[in-house]
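Q:
In the working numbering, the protein residues as written are 6 to 380.
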């Protein structure tokens, strides 16, 4: 009898931030302790951007007049300085999103190479042994050292790979459930219009995040207008060959919900109003000139420990200092309520042709795709 009443943003207050700082300090202390005693351990490592991602980032930022310092091996402080340069700009969210997407995922490994995002020379996970196996291994290792022994966990390299994989799998399961709940919530809103922001650009369309409801869906390329659209991965945009209309990451759109599929946990949009800045385009057939489908860009995922100082706008600090853990960007919770009496019938989708194969086989939206590094 329960129905979802609303989806709320998770608000972080000062108490949350204090706890985060304490947890980070505990993680750093545990890591330094095992490192100092030369005992094997699973470190939480985070490498800097790959040469390819760094080049793409410099190309994109160069269009806005910004440069990425640090040469071929930038430091977290270089990212922090860049963030400070475009703080307060109207396109700040766009630039920050592209900056964070240039980073790699954090993983578990016995090889301590440091943590780029947190600017720590040594970091591990220690604070949650009842729910994370790597934390339990760290507790066992510390206990062994305190007793003058050595904890033999087996192949630490293999353990690191296994824990990293199972972490991603758990994240995927969480996102799948959240995606279904969002579809369940939106199924009786077919035909309604919402304002939103382009949260991802792919060769097959735009992912749009709706204001206020924290739901994301696909605006397929065939809904963009009677034109040939070129997908530019480096610029995060699609441009019409004939009309010159451009759709870019961070653009504001008004869309209408055209389809909600509970089986696939996907939501489809159509344009409700043209972009005032780009000019109106007629609805109709469209195709993308560039072939292939890139991986779904990430958005709205936790920046957690990949770039906590960066995401919060605070300068990175040495490994011995503290740094905020960061909260999930766009994290939210589903609020349900019990209903009495008859169930309200849901609206059915207006008559239209069956969705094309490309729509049904699209990549997962940001709320489902595993892409963003986490702590």
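Here a beta-carbon is modelled for each residue, glycine too, at the ideal position from N, C-alpha and C.
What ranges does the beta strand (DSSP E) occupy inside the stretch 173-224, keeping only unbroken runs of at least 3 residues that lie completely in it?
A: 198-207, 210-215
Q: Cβ atoms of residue 114 and residue 23: under 8 Å apart, would you say?
A: no
Q: Need the endpoints of the alpha helix (DSSP H) that residue 38 sits in, please.
A: 19-41
Q: Assuming residue 208 contacts residue 236 (C-beta within less than 8 Å), just tell me the rounded distance between them.
A: Residue 236 and residue 208 do touch by the CB rule: their CB atoms are close to 4 Å apart, below 8 Å.
Q: I'd like the list of long-range same chain contacts for residue 101, defined as Cβ closer than 7 Å, with 5 residues on each side in sequence excluded.
A: 88
Q: Mapping the DSSP letters down to three states, classify residue 155 as helix, strand or coil.
A: Here residue 155 sits in coil by DSSP.
Q: Would you mind reading off the limits of the beta strand (DSSP E) that contains residue 126?
A: It is not in any beta strand (DSSP E) - residue 126 carries neither H nor E in the DSSP assignment.
Q: Return the chain-ordered list of same chain residues with a C-beta closer than 7 Å to the C-beta of residue 295, the five sequence neighbours on each side being excluded.
A: In this prediction, residue 295 scores a pLDDT of 40, lower than 50, which makes its location untrustworthy; the coordinate-derived value is nonetheless stated afterwards. Taken in chain order, the residues that qualify are 208, 235, 236.
Q: Would you grab the beta carbon distance between residue 64 and residue 239 for me? Rounded to a whole angstrom, and I think it's under 8 Å.
A: 5 Å
Q: Can you tell me which of the three DSSP states residue 258 falls into?
A: strand
Q: I'd like the span of the alpha helix (DSSP H) that includes residue 238, first residue to last.
A: Note, residue 238: premise wrong, no alpha helix (DSSP H); not H, not E.
Q: Taking the alpha helix (DSSP H) that residue 60 falls in, what are its first and last residues?
A: 56-67
Q: Could you tell me the boundaries of the beta strand (DSSP E) in which residue 49 lies?
A: 48-50
Q: Enumerate in chain order the residues of its own chain whose CB-to-CB distance from residue 150 is below 6 Å, with the five nearest sequence positions on each side excluded.
A: 42, 44
Q: Since residue 165 and residue 112 should fall inside the 8 Å C-beta cutoff, what is the C-beta to C-beta distance between them, to a whole number of angstroms?
A: With 8 Å as the limit, residue 165 and residue 112 qualify as a contact, their Cβ atoms being about 7 Å apart.
Q: State the Cα-Cα distance for the pair residue 302 and residue 121, rounded to the nearest angstrom.
A: Any answer about residue 302 is weak, because its pLDDT of 38 lies below 50 and its placement is not dependable; what the coordinates show is given next. When rounded, the distance between both Cα atoms is 21 Å.
Q: Distance check for residue 154 and residue 146, CA to CA, integer angstroms please.
A: When rounded, the distance between both Cα atoms is 9 Å.
Q: Look at the Cβ atom of residue 129, then the Cβ atom of residue 118, and state whether they are nearer than 8 Å.
A: no
Q: Leaving out the 5 sequence neighbours to the left and right, which residues in its chain are closer than 7 Å to residue 265 when beta-carbon positions are compared?
A: 188, 191, 192, 195, 272
Q: Could you spell out the range, first to last residue, of the beta strand (DSSP E) harbouring residue 247?
A: Neither: residue 247 is in no beta strand (DSSP E) and is coded neither H nor E.
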